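A.B. asks:
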Amino acid sequence: MLSLRLLSLLVPSFYVAVSAQDQAFLVESSLGSKCCNALRDELPSIFFDRGTPEYTIRQATYYSLQQQMLSPMCIVRPSSASEVSHIVKLAKASQCPFAVASGGHMSWKGSSNIHGGFVIDLRRMTQIDVSPKDQMVQLGPGSLWQEVYKVMAGYNVSTAGGRINAVGVGGFLLGGGIALASVEKGYGADSVFNYEVVLSDGRIVDANRENNSDLFWALKLAGSNYGIVTRFDMHTYPCSSIWAGVSVYPFTEPTTSELLVDFENYLHDEKNRKDFKSVALKYNGDIGMEFVVSIQANLDSVQLANISSASPVMHLEGVGTTHDVVDEVLAHALDSTARTSWFTLTTKFGADFFMDFHAMKEKIFEPLKDRKGLTAMLGFQPIQKSHIEATAYSPIYNALKRSNDDLVCILIIVTWKDSADDATLKEATNALGAWGEAEARSRGLLDEFVYFNYANELQRVYERSVTPEDLDKMQDIQRKYDSSGTFEKLWRGGYKLPKEGSMKHDEL
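Counting with mature numbering (1 follows the signal peptide of the UniProt record, and there is no 0), you get residues -20 to -1, 1 to 488 for the letters of the sequence shown.
Okay, structure coming up:
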């Protein structure tokens, strides 16, 4: 069990490690400069140096301000798989370190940006080709979900995509992806039936159940280990309109209890496959108040009843296409660009535990409430048994199904404005997360699964979210498709498969 005392020792050591890594990147700057010169010579139409408008815009689009602090030597903006292949071959030949970004919504520093190397920016790869007859859509990794839904609305279809409009297709699908339809469809990755991917030797291959089926399975939780996906082929479903609503209440125990009772009933309702519900407890430092937030949606456009007898201080709802709802209603559920720290854990439902978790959040952040722009949120999202069964062709399935229960994905998001508070508030976030895991374990509620897209850089996503047997299989597949270890060595950021013999489930 990871104690709070142990965590307090781990966090400072992590910052020492990051500092050493930054120094290594500075040493690599001369190599990065040489690589950028080669990219400029070979691919001038897609090359952008520091100081160019395209470079500046790319940097400004990262969700996390810590990500924006990193300064790549240059960026390249491919628009085709063949251009990505060319870039990968050049990087391999020159041993150039690089990062890959699509929407840029990962929260931690260095997850999709780099200091001293170059960035492969996929935002020009915005293919959105809908085929109503085949009930499918082909998506480029650089599209944002608001763009995808806008095109799909013209065909009265949707897919298991993101709930936040500015999230990119690539990162969302390669880390699973919680969707409004997850109770029925599983993660977004479970709706992908084919990947077009560039391998470390520059080959462009398709991965599906018939061709490269082992790679297809592994790409459901790819991280930065197997290849750069240049197209996702996804199943669609009929959808002309949906309903969604967001209600914000002042935090009181009676109101929160009402919302949690309703959430529990929804979580365990095996017949309900069209609703989505989540609850969040959030402190807003600008106002100096705690709030409880209810988020609801119905895929059949049925307006769901108000859960609480209290009057909300803010309420938004609407019926429209998935694009309309995501863009006009659900977009208000997450803060915009900020300095941020995340942590996630998975538990069985426990109302008393959730309330105690909130109390610990208040205790940890009470001395920090003078920090400029502080917000601190605990979010509770559903992982029903039907959701788990829909992940059957995924590396996470065997780990998730062990619980044989409906689960709750808990997300901690802390945001602030001053860089001087980075270390303190990241440590506070991790302390709260560590307390939550320890307390949930002591109450018999903890599930070891760590949801990929919400984890931070300290969390062992593969060791916790994949069984040891499936982890061995993923490592074998990595060796098969990247025998030279090119992506392991050169592709910075993302989550890496642990090396063989590293810590596994029973050692955590």
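Where a beta carbon is used, it is the ideal one built from N, C-alpha and C, also for glycine. Only a predicted model underlies this, so the values are computations on that prediction, with no experimental measurement involved.
Compute the Euclidean distance between the alpha carbons of residue 249 and residue 383, then round it to the nearest angstrom.
C.D. replies: Just so you know, the alpha carbons of residue 249 and residue 383 end up roughly 17 Å apart.
A.B. asks: Which of the three DSSP states, helix, strand or coil, is assigned to residue 266?
C.D. replies: coil
A.B. asks: According to DSSP, simplified to helix, strand and coil, what is residue 339?
C.D. replies: helix
A.B. asks: Mind listing, in chain order, the continuous alpha helix (DSSP H) runs of no fewer than 4 residues lying wholly within the stretch 290 to 330?
C.D. replies: List check, alpha helix (DSSP H) in window: 302 to 308.
A.B. asks: With DSSP run on the structure shown, which of helix, strand or coil describes residue 410?
C.D. replies: It is helical.
A.B. asks: Using the beta-carbon count (16 or more within 10 Å), is residue 5 buried or exposed?
C.D. replies: Bear in mind that the predicted position of residue 5 carries a pLDDT of just 48, short of 50, making it too unreliable to give a figure here.
A.B. asks: In whole angstroms, what separates the C-alpha of residue 13 from that of residue 277?
C.D. replies: 49 Å
A.B. asks: Ordered along the chain, which non-local residues of its own chain (more than five positions away) have a Cβ less than 7 Å from that of residue 220?
C.D. replies: If we look at residue 220 and ignore the five residues flanking it on each side, its Cβ neighbours are 136.
A.B. asks: In the DSSP assignment, what residue or residues form a beta bridge with residue 54?
C.D. replies: The partner list for residue 54 (beta bridge, DSSP) reads 29, 98.
A.B. asks: Which parts of the stretch 167 to 216 are runs of the beta strand (DSSP E), unbroken and 3 residues or longer, counting only runs that do not cross its ends?
C.D. replies: 172 to 178, 184 to 187, 208 to 215
A.B. asks: Taking the alpha helix (DSSP H) that residue 125 belongs to, which residues open and close that run?
C.D. replies: 125 to 133
A.B. asks: Is it the case that the Cβ atoms of residue 331 and residue 247 are separated by a distance below 9 Å?
C.D. replies: no
A.B. asks: Any contact between the stretch 293 to 310 and the stretch 224 to 233? By contact I mean 3 or more CB pairs, one from each, below 8 Å.
C.D. replies: Cβ pair count under 8 Å is three or more, so yes.
A.B. asks: Short of 6 Å in beta carbon distance, which residues of its chain neighbour residue 289, apart from the five on each side in sequence? Order them along the chain.
C.D. replies: none
A.B. asks: Along the chain, where does the beta strand (DSSP E) that runs through residue 360 open and close?
C.D. replies: 355 to 363
A.B. asks: What whole-angstrom Cβ distance do residue 230 and residue 293 have, given they're in contact under 8 Å?
C.D. replies: 6 Å
A.B. asks: Rounded to the nearest angstrom, how far is the Cβ of residue 262 from that of residue 355, given a contact under 8 Å?
C.D. replies: 6 Å
A.B. asks: Quick check on residue 489: does DSSP put it in helix, strand or coil?
C.D. replies: Lying outside -20 to 488, the shown extent of the chain, residue 489 is not represented and no answer is given.
A.B. asks: Which stretch, first to last residue, makes up the beta strand (DSSP E) that contains residue 146?
C.D. replies: That residue, residue 146, is in no beta strand (DSSP E); it is neither H nor E in DSSP.
A.B. asks: Hey, could you find the ends of the alpha helix (DSSP H) residue 43 is sitting in?
C.D. replies: Unbroken run through residue 43: none, as it is neither H nor E.
A.B. asks: Closer than 6 Å by C-beta to residue 142: which residues in its own chain qualify, once you throw out the five before and the five after it? Chain order, please.
C.D. replies: 125, 152
A.B. asks: Taking the beta carbon of residue 495 as the centre, do at least 16 other beta carbons fall within 10 Å, making it buried, or is it exposed?
C.D. replies: It is not possible to answer for residue 495, since the shown part of the chain is limited to -20 through 488.
A.B. asks: State the Cα-Cα distance for the pair residue 51 and residue 386, rounded to the nearest angstrom.
C.D. replies: About 43 Å.
A.B. asks: Along the alpha helix (DSSP H) that carries residue 70, what are the first and last residues, could you check?
C.D. replies: For residue 70, the uninterrupted alpha helix (DSSP H) run begins and ends at 61 to 74, by DSSP.
A.B. asks: So what does DSSP say about residue 373, is it helix, strand or coil?
C.D. replies: When DSSP states are grouped into helix, strand and coil, residue 373 belongs to the coil group.
A.B. asks: How many Å lie between residue 340 and residue 166 at the Cα?
C.D. replies: 31 Å
A.B. asks: Provide the residue(s) that pair with residue 430 in DSSP beta bridges, ordered along the chain.
C.D. replies: According to DSSP, residue 430 bridges with nothing at all.
A.B. asks: Excluding sequence positions up to five away, which residues of its chain have a Cβ less than 6 Å from the Cβ of residue 103?
C.D. replies: 122
A.B. asks: Exposed or buried, which one is residue 410 when buried takes at least 16 other CB atoms within 10 Å?
C.D. replies: buried
A.B. asks: By the 10 Å Cβ neighbour count, where 16 or more other Cβ atoms means buried, how is residue 352 classified, buried or exposed?
C.D. replies: exposed
A.B. asks: In whole angstroms, what separates the C-alpha of residue 401 from that of residue 45?
C.D. replies: Distance between the alpha carbons of residue 401 and residue 45 is about 13 Å.
A.B. asks: Spell out whether any CB of chain D is found under 9 Å from the CB atom of residue 453.
C.D. replies: In the structure shown, chain D cannot be found, because there is only a single protein chain.
A.B. asks: Below 8 Å on the Cβ atoms is my guess for residue 195 versus residue 209; work out the distance and round it to an integer in Å.
C.D. replies: About 11 Å separates the two Cβ atoms, so there is no contact after all.
A.B. asks: With a CB to CB cut of under 8 Å and the five nearest residues on each side skipped, what residues in its chain are close to residue 342?
C.D. replies: Counting only residues of its own chain and dropping the five nearest sequence neighbours on each side, residue 342 has a CB closer than 8 Å to the CB of 263, 270.
A.B. asks: By the three-class DSSP mapping on this structure, what secondary structure does residue 219 have?
C.D. replies: coil
A.B. asks: Just to check my reading of the structure: residue 434 and residue 391 have Cβ atoms closer than 8 Å, yes? What is that Cβ distance to the nearest angstrom?
C.D. replies: 5 Å
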